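Take a look at the structure below.
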Amino acid sequence: MASVDLSGIYRGYIACLNGQDWSNLGKFVHEDVHHNGAHIGLSGYLEMLEGDFRAIPDLHFDIALLLCEPPRIASRLQFDCTPTGVLFDMAVNGRRVRFVENVFYEFLDGRIRNVWSVIDKTAIADQL
């Protein structure tokens, strides 16, 4: 798979998330997906994302950096949002916060099979 194709698939995945187009999530995420080493499957992945959007109604994934080396992608995502309550064990309670996520994906058969995510929680704590 060429890195141009992988980049396009990833951008489609981000558009799917931003549009909360859950009926098409399986086009981008493998049914046997793992997140930070834990097998959660597609249904668990969807549940995680739905929970994210409940906690952060204005959640928007913004790609700041994207590197492709098939079958992997490294991405730096930026967020500027207003979580409604507790986020990562911190009482944000409607305050606007900005933070980044460094996330690595491994693809299998053109879909995300493994996700490793590191969120800059210190940036959030510093804003509170």
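All residue numbers for the sequence shown refer to our numbering, where the first residue is 39 and numbers rise by one. Where is the CB? At the ideal position from N, CA and C, for every residue including glycine. Here the structure is a predicted model, which means the values were calculated and not measured.
Exercise for the section: Decide yes or no for the touch test of the region 72-82 against the region 98-110: beta carbon pairs closer than 8 Å, at least 3 of them. Expected result: no
Practice task
Find out if the Cβ-Cβ distance for the pair Arg149, His68 is shorter than 8 Å.
Solution key: For this step, residue 149 is matched to residue 111 along the sequence shown. For this step, residue 68 is matched to residue 30 along the sequence shown. For Arg149 and His68, yes; Cβs fall inside 8 Å.
Handout entry: Cβ-based neighbour list, Gln116, same chain, cut-off 6 Å, excluding 5 preceding and 5 following
Key = For the purposes of this step, residue 116 is identified with residue 78 of the sequence shown, where counting begins at 1. So the list reads Asp100, Ala102, Val138, once near-sequence residues are dropped.
Practice task
State the Cα-Cα distance for the pair Leu59 and Arg151, rounded to the nearest angstrom.
Solution key: Residue numbering aside, residue 59 sits at position 21 when the sequence shown is read from its first letter. Residue numbering aside, residue 151 sits at position 113 when the sequence shown is read from its first letter. Sequence check: residue 59 is Asp here, not Leu. So the alpha carbons of these two residues sit roughly 19 Å apart.
Handout entry: Nearest-angstrom beta carbon gap, Leu55 and Leu80 [assumed within contact, 8 Å]
Key = As a first step, residue 80 is located in the sequence shown; it is residue number 42 there, counting from the start. As a first step, residue 55 is located in the sequence shown; it is residue number 17 there, counting from the start. Between Leu55 and Leu80 the Cβ distance is about 14 Å, and since that is not below 8 Å, they are no contact.
Practice task
Give every residue of the same chain whose Cβ lies closer than 6 Å to the Cβ of Ile161, excluding the five residues on either side of it in the sequence, and list them in chain order.
Solution key: Working through the sequence shown from its first residue, we reach residue 161 at position 123. The sequence as given places Ala at residue 161; Ile does not occur at that position. Hits under 6 Å: Phe137.
Handout entry: Exposed unless 16 or more other CB atoms sit within 10 angstroms - verdict on Val130
Key = Here residue 130 refers to the residue found at position 92 when the sequence shown is read from its first residue. Buried, since its Cβ has 16 or more Cβ neighbours within 10 Å.
Exercise for the section: Can you tell me which of the three DSSP states Phe66 falls into? Expected result: Here residue 66 corresponds to residue number 28 of the sequence shown, with the count starting at 1. If DSSP states are grouped into helix, strand and coil, Phe66 belongs with coil.
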